[in-house]
Amino acid sequence: MDKFKNKYRIPSARLKNWDYGSNGAYFITICTQNREHFFGEIADGKMQLNQLGQLAEKYWLEIPQHFSFIELGNFVVMPNHTHGILIINKMDDVVPPISETPNVGVETRLIASLPPTGISSPTEINGGFAGTKNPMFRHNISRIIRWYKGRCSFEMRKIHADFGWQTRFHDHIIRDAQSFENIQTYIENNPLKWVKDKFHG
Numbered sequence: 094m095d096k097f098k099n100k101y102r103i104p105s106a107r108l109k110n111w112d113y114g115s116n117g118a119y120f121i122t123i124c125t126q127n128r129e130h131f132f133g134e135i136a137d138g139k140m141q142l143n144q145l146g147q148l149a150e151k152y153w154l155e156i157p158q159h160f161s162f163i164e165l166g167n168f169v170v171m172p173n174h175t176h177g178i179l180i181i182n183k184m185d186d187v188v189p190p191i192s193e194t195p196n197v198g199v200e201t202r203l204i205a206s207l208p209p210t211g212i213s214s215p216t217e218i219n220g221g222f223a224g225t226k227n228p229m230f231r232h233n234i235s236r237i238i239r240w241y242k243g244r245c246s247f248e249m250r251k252i253h254a255d256f257g258w259q260t261r262f263h264d265h266i267i268r269d270a271q272s273f274e275n276i277q278t279y280i281e282n283n284p285l286k287w288v289k290d291k292f293h294g
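Following the working numbering, the numbering of the sequence shown begins with 94 at its first residue and continues without gaps.
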């Protein structure tokens with residue numbers, strides 16, 4: 094395991110040499126901290142969402158409102174994780190206007206503040222030592238998940254002060270139509286197969 098500033102860290106799970114701002118479909122899994130059942134329970138093969146689970150669903154469905162280049166595939170909230178497909182569909186190479194709400198919550202407080210609404214190009218803003226290569230100024234999967242986790246955390250901790258996400262998330266690039274359909278079906282059937290799910294615990 095690598096060290097950064099004398100602290101152990103997990104090497105990036107992102108795929109090397111892949112532009113995570115590219116058009117494409119991504120299968121995303123986000124787990125709760127210690128895989129605790131924060132979102133409800135499975136009963137008779139159906140997910141019964143509690144208040145936190147309802148918020149997890151609500152803010153995922155709001156993603157396209159804040160990131161206009163995103164389309165949603167299937168999505169499900171499970172007791173201790175979420176599965177969903179995010180489809181990046183940028184019409185051209187121009188960075189779309191930024192409409193995210195301000196970063197909120199513990200998950201995002203160490204990240205540089207988002208640039209103000211209306212900035213349409215990273216060349217218009219100062220990216221610090223990284224200049225315009227600062228990843229916070231890129232419209233990519235990591236930024237979307239950072240927004241989602243931060244928004245959920247801020248609201249969920251009003252209900253359950255101990256709520257938390259795992260630091261990282263799992264992603265899988267969907268490379269063809271058959272894989273897309275297989276994953277769509279997997280997500281849809283996830284509650285029915287909860288007992289055999291690798292995240293069950």
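Here a beta-carbon is modelled for each residue, glycine too, at the ideal position from N, C-alpha and C.
Given the structure is predicted, the values throughout are model-derived calculations rather than measurements.
Mark residue i as exposed unless 16 or more other C-beta atoms lie within 10 angstroms of its C-beta, in which case mark it buried.
i	result
L154	exposed
A149	buried
V170	buried
H176	buried
N283	buried
Quick one, are the C-beta atoms of residue i and residue j less than 8 Å apart?
i	j	result
Y152	Y241	yes
H232	F162	yes
I237	I156	yes
T122	F273	no
Pick out whichever of the options has its Cα sitting closest to the Cα of residue i.
i	options	result
H174	G166, L145, H232, G138	L145
K183	E248, C245, G114, H176	G114
E129	F256, N283, W287	F256
M249	I135, Q147, Q141	Q147
Can you list, in chain order, the residues of its chain whose CB lies under 6 Å from that of residue i, leaving out five sequence neighbours each side?
i	result
L285	G138
T278	none
Keeping to the same chain, check which residues put their C-beta closer than 8 Å to that of residue i; ignore five residues upstream and five downstream.
i	result
I180	G117, A118, Y119, I163, E164, L165, G166
T125	F131, F132, N173, H174, F256, G257, W258, Q259
H253	F131, L145
Taking 7 Å as the limit between beta carbons, can you name the residues of its chain near residue i, skipping five residues before and five after?
i	result
I234	Y113, Y119, L179, D264
N143	F132, G133
V199	Unreliable positioning characterises V199 in this predicted model, as indicated by a pLDDT of 31, which lies under 50. A coordinate reading is not provided.
Quick test of your reading: residue i and residue j, contact by CB under 8 Å. State the CB separation rounded to the nearest angstrom.
i	j	result
F160	I280	In fact, because the Cβ distance is near 20 Å, the residues do not count as touching under 8 Å.
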